[in-house]
Amino acid sequence: MDKNRGFMDFDRKGIPERDPNARVHDYLSIYTEEDETQLRQQGARCMDCGVPFCQADMGCPIDNLIPEWNDLVFRGQWREAYVRLARTNNFPEWTGLICPAPCEDACVLGITSPPVTIKRIEHAIIERAFAEGWVTAVPPETRTGKKVAIVGSGPAGLTAADQLNRAGHTVTVFERDDRIGGLLMYGVPHPKLEKWMVDRRINLLAAEGVEFRTCVNVGVDFDAALLYEEYDAILLACGALDARDLQIPGRELEGVHFAMKYLTEVTKSLLDSGFSDGRFVDAKDKDVIVIGGGDTGADCIATALRQGCRSLLNITRRAQEPTDRGAQHPWPGEPGTYFMDYSHIEGAAVFGRDPREYGVLPLEFVGDGEGRLTGVSIERLRWDRNGSEASRMQRTGEITTFPADLVFLSIGFVGHDAPEVVKQLDVVSEKGLIPAEWGHLVTSDERVFVAGDMRRGASLIVWAMAEGRGAAREIDRFLMGSTELEAPMPAPRHLANLRTD
Ligand SMILES: Cc1cc2nc3c(=O)[nH]c(=O)nc-3n(C[C@H](O)[C@H](O)[C@H](O)COP(=O)(O)OP(=O)(O)OC[C@H]3O[C@@H](n4cnc5c(N)ncnc54)[C@H](O)[C@@H]3O)c2cc1C
Ligand code: SF4
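Residues 8 to 508 (the numbering used here) are what the sequence shown spells out, left to right.
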């Protein structure tokens, strides 16, 4: 195999997926077996650019050493590839499956050809490492005697827990749900990320000494201020789980649900009882409308399809994305182009068309007179691609009603939903988020740090992990006076100096 011509000799091939017509009948992973020769060919497509944009500012938020491990995979040096990957990424088995891969948007090859399938290679490296037994529990040799409390067990909290534990601090993670993982557990559906993959890592962290306390709603089950007495530092990683509502007439009708409630219940029932407890909203034989796009909307589509819905529509006010990068989306940033996520492909396989309809404004939830939803009244919008945001969207007066027994609201999140914790710790909260300077991540109290969606607003797993690493470094610096923990976010120089001098 010749790496010099790899990008000319081999076409891009993404992670192999199961037939969408088959996989909508189960909750198993949508992915299928990897092929080693194909993986090495994909590694060979990497050009090892002088300036690797994939790991620069617009690329991977955790600064993964991408060209290095692409080359090692091409050479078949899997163990070395794993060592390089583990240096920057605490949980590649999660990002390798569900990260939207900004690294690939920034890949130099992507200027003229389909980019290197970086995410696929990342996932293959870590799964090879697990299969070979290279990933083992490594508890720290010594403990510092310092104690850290982490509130929230999503990717931000878990990444910080891993880093701080490695540094020898005693870490306790508090989680109000009955399972650890945040949105990785109750949010991202099982077919996209099977939950044993979350548990496998949690078990390792526990074996390394991280303490997990589930079913503890900090601020509700006990006064958060008590954490000040027992812990030397506190990290808030509560996410941004306050869902945005759609207050139009008929909102109270039976059948209108928040997407997160739906997704959480389905996963919990699957894990608790294989659905035999019946404690979830069932879309079987129902007309379903998902309002809003994004990952959450896509995951509702996938779930309703698996339950056997009668019809499915995903409506959004937005205009359909163009097929090519526009002037507002220059390389190496996000392309902003139209693409079909896993559930849109499944929807097309089942119903013969992409379930998304663009330029649709919901006006009213229509009921049957007895409190039950029967449809959604909407108005068509016309989008003019020129002009300001306001002038671009025009109402047409064209009104119609779509039939619906169930509606799932997936129109974003307005901030965190842990006001008690914030109040009891007495830290500043603004517009539903906890402000903290980029890189330093300390709140208005020097003992309390914040990371992930709770600081930046609803975002991505890889950004939550980047902030988790950043917060761990700053907590370590706060506790010990200096730190050797690595993190992708540069700390503001004056603050870093203050603490290391
Ligand atoms: C349905 C859905 C699908 C998504 N899919 C993707 C995807 O495919 N790829 C991607 O990159 N991103 C995806 N995202 C976004 C991603 O999941 C989040 O950006 C990420 O999980 C944020 O991590 P976090 O650790 O900040 O918070 P979270 O993952 O939200 O975790 C916060 C945790 O804190 C807990 N908590 C809150 N308050 C308290 C309290 N008072 N006491 C104890 N515990 C508390 C919560 O129960 C929760 O478990 C998705 C989001 C959603 C909603
Ligand atoms: S974590 Fe995401 S952005 Fe970084 S290399 Fe992996 S897929 Fe790319």
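Ideal placement from N, C-alpha and C gives every residue a C-beta, glycine not left out.
Could you check how far apart the C-beta atoms of D460 and A478 are, in whole angstroms? I think they sit under 8 Å. Along the sequence shown, read from residue 1 onward, the residue named residue 460 stands at position 453. Along the sequence shown, read from residue 1 onward, the residue named residue 478 stands at position 471. Not quite, the Cβ-Cβ distance comes to about 13 Å (not below 8 Å), so this is no contact.
According to the Cβ coordinates, are D452 and D433 closer than 8 Å? As a first step, residue 452 must be located in the sequence shown, where it is residue number 445. As a first step, residue 433 must be located in the sequence shown, where it is residue number 426. Yes, the Cβ-Cβ distance between D452 and D433 is below 8 Å.
V158 to G464, Cα distance in whole Å? For this step, residue 158 is matched to residue 151 along the sequence shown. For this step, residue 464 is matched to residue 457 along the sequence shown. So the two alpha carbons sit approximately 17 Å from each other.
Would you say V58 touches ligand 2, meaning its beta carbon is less than 7 Å from a heavy atom? Translated into positions along the sequence shown, residue 58 becomes position 51. No, the beta carbon of V58 sits no closer than 7 Å to any heavy atom of ligand 2.
Mapping the DSSP letters down to three states, classify R484 as helix, strand or coil. Working through the sequence shown from its first residue, we reach residue 484 at position 477. If DSSP states are grouped into helix, strand and coil, R484 belongs with the helices.
So what's D249 in DSSP terms, helix, strand or just coil? Here the question's residue 249 lines up with position 242 in the sequence shown. Three-state result, D249: strand.
Distance between V263 and P426 (C-alpha atoms, nearest Å): One-based indexing of the sequence shown puts residue 426 at position 419. One-based indexing of the sequence shown puts residue 263 at position 256. Distance between the alpha carbons of P426 and V263 is about 25 Å.
Start-to-end residues for the alpha helix (DSSP H) that takes in G50: The sequence position of residue 50 within the sequence shown is 43, counting from 1. Taken as a continuous stretch (DSSP letters only), the alpha helix (DSSP H) holding G50 covers 43 to 51.
For the putative contact between T403 and L388, defined by C-beta atoms under 8 Å, what is the C-beta separation to the nearest angstrom? Along the sequence shown, one-based indexing puts residue 403 at 396. Along the sequence shown, one-based indexing puts residue 388 at 381. Sure, about 7 Å apart at Cβ, within 8 Å.
I385: buried (16+ other C-beta within 10 angstroms of its C-beta) or exposed? For the purposes of this step, residue 385 is taken as residue 378 along the sequence shown, with counting starting at 1. Buried, because 16 or more other Cβ atoms sit within 10 Å of the Cβ of I385.
What does the alpha-carbon distance come out to for the pair A503 and H447? As a first step, residue 503 must be located in the sequence shown, where it is residue number 496. As a first step, residue 447 must be located in the sequence shown, where it is residue number 440. Residue confidence for A503 is low, a pLDDT of 48 falling below 50, so the modelled location carries little weight; the figure read from the coordinates is stated next. Looking at the two C-alpha atoms, the distance is approximately 8 Å.
Provide the residue(s) that pair with W390 in DSSP beta bridges, ordered along the chain. Here the question's residue 390 lines up with position 383 in the sequence shown. According to DSSP, which records beta bridges pairwise, W390 is partnered with M400.
Looking only at its own chain, which residues have a Cβ that is under 7 Å from the Cβ of L278, when we skip the five neighbours before and after it? Position 271 of the sequence shown holds residue 278. The answer, listed in chain order, is K202.
Throw me the rounded Cβ distance for the R12 and P122 pair, which I believe falls under 8 Å. Counting from one through the sequence shown, the residue named residue 12 turns up at place 5. Counting from one through the sequence shown, the residue named residue 122 turns up at place 115. Contact flag wrong, Cβ pair sits at about 17 Å.
Any heavy atom of ligand 1 within a distance shorter than 7 Å of the CB on G374? In the sequence shown, the residue the question calls residue 374 occupies position 367. False, no ligand heavy atom lies under 7 Å from that Cβ.
Hey, is C67 close to ligand 2, as in C-beta under 7 Å from one of its heavy atoms? Numbered from its first residue, the sequence shown carries residue 67 at position 60. Flag set: Cβ of C67 near ligand 2.
Could you give the residue range of the alpha helix (DSSP H) that holds V80? Here residue 80 corresponds to residue number 73 of the sequence shown, with the count starting at 1. Note, V80: alpha helix (DSSP H), 73 to 81.
Nearest-angstrom Cα separation, counted from L248 out to D184: Within the sequence shown, numbered from 1, the residue matching residue 184 stands at position 177. Within the sequence shown, numbered from 1, the residue matching residue 248 stands at position 241. C-alpha separation (whole angstroms): 13 Å.
Would you say the stretch 124 to 132 touches the stretch 140 to 157, given that touching needs at least three Cβ pairs under 8 Å? no
Which of helix, strand or coil does DSSP assign to D302? The sequence position of residue 302 within the sequence shown is 295, counting from 1. Note: D302 maps to helix in three-state DSSP.
Using a Cβ-Cβ cutoff of less than 7 Å, which residues in the same chain neighbour P362 once the five nearest sequence positions on both sides are dropped? On the sequence shown, residue 362 is found 355 positions in, with the first residue counted as 1. Cβ neighbours of P362 beyond the five flanking positions: I308, L319, L320, N321, H351, G354.
What is the DSSP secondary structure of P99, reduced to helix, strand or coil? Against the sequence shown, residue 99 aligns to sequence position 92. In the structure shown, P99 sits in a helix (DSSP, three-state: H, G or I).
Count the other CB atoms within 10 Å of the CB of R476; is the residue buried (16 or more) or exposed (fewer)? Taking the sequence shown and counting its residues from 1, one reaches residue 476 at position 469. That one is buried.
In its own chain, which residues sit with a C-beta less than 7 Å from the C-beta of N96, not counting the 5 before and 5 after it? Counting from one through the sequence shown, the residue named residue 96 turns up at place 89. I69, N71, T102, listed in sequence order.
If I measure Cβ to Cβ from Y349 and keep anything under 6 Å in the same chain, skipping five residues before and after, which residues do I get? Position 342 of the sequence shown holds residue 349. Here the set comprises I37.
Quick check on A250: buried or exposed, where buried means 16 or more other Cβ atoms within 10 Å of its Cβ? Stepping through the sequence shown from its first residue, residue 250 is reached at position 243. So A250 ends up on the buried side.
Starting from K268, trace the alpha helix (DSSP H) both ways and give me its first and last residue. The count along the sequence shown starts at 1 and reaches residue 268 at position 261. Counting along the chain, the alpha helix (DSSP H) containing K268 begins and ends at 266 to 280.
V195 versus G301: straight-line alpha-carbon distance, rounded: For the purposes of this step, residue 195 is taken as residue 188 along the sequence shown, with counting starting at 1. For the purposes of this step, residue 301 is taken as residue 294 along the sequence shown, with counting starting at 1. Near 12 Å, if we compare the C-alpha coordinates of G301 and V195.
Would you say T330 and Y365 are within 8 Å of each other, going by their C-beta atoms? In the sequence shown, residue 330 corresponds to position 323, counting from 1. In the sequence shown, residue 365 corresponds to position 358, counting from 1. Taking 8 Å as the Cβ cut-off, T330 and Y365 do not qualify as a contacting pair.
Residues of its chain near R438, where Cβ-Cβ distance is below 7 Å and the 5 sequence neighbours each way are ignored: Numbered from its first residue, the sequence shown carries residue 438 at position 431. For the sequence presented, residue 438 should be read as Lys rather than Arg. Result list for K438: G422, in chain order.
Which residues in the same chain as A511 place their Cβ atom closer than 8 Å to its Cβ, once the five residues preceding and following it in sequence are excluded? Within the shown structure, residues of the chain are numbered from 8 to 508, placing residue 511 beyond reach of any answer.
Out of L242, K153, Y238, which one is the CA nearest neighbour of A167? Sequence index remark: in the sequence shown, residue 167 carries index 160 (1-based). When only C-alpha atoms are compared, the closest one is L242.
With A231 and Q431 assumed to form a contact (beta carbons below 8 Å), what rounded beta-carbon distance in angstroms separates them? Working through the sequence shown from its first residue, we reach residue 231 at position 224. Working through the sequence shown from its first residue, we reach residue 431 at position 424. Right, the Cβ-Cβ distance comes to about 4 Å (below 8 Å), so this counts as a contact.
G103 CB to nearest heavy atom of ligand 2 below 7 Å: In the sequence shown, the residue the question calls residue 103 occupies position 96. Yes; taking the cut-off as 7 Å, the Cβ of G103 has a heavy atom of ligand 2 nearer than that.
Take the Cβ of R186 as the centre, count every other Cβ of all protein chains shown within 10 Å, and call the residue buried at 16 or more, exposed below. Looking up residue 186 in the sequence shown gives position 179. So R186 counts as buried.
Name the DSSP bridge partner or partners of D294? As a position in the sequence shown, residue 294 is number 287, starting the count at 1. BP columns for D294 point to S318.
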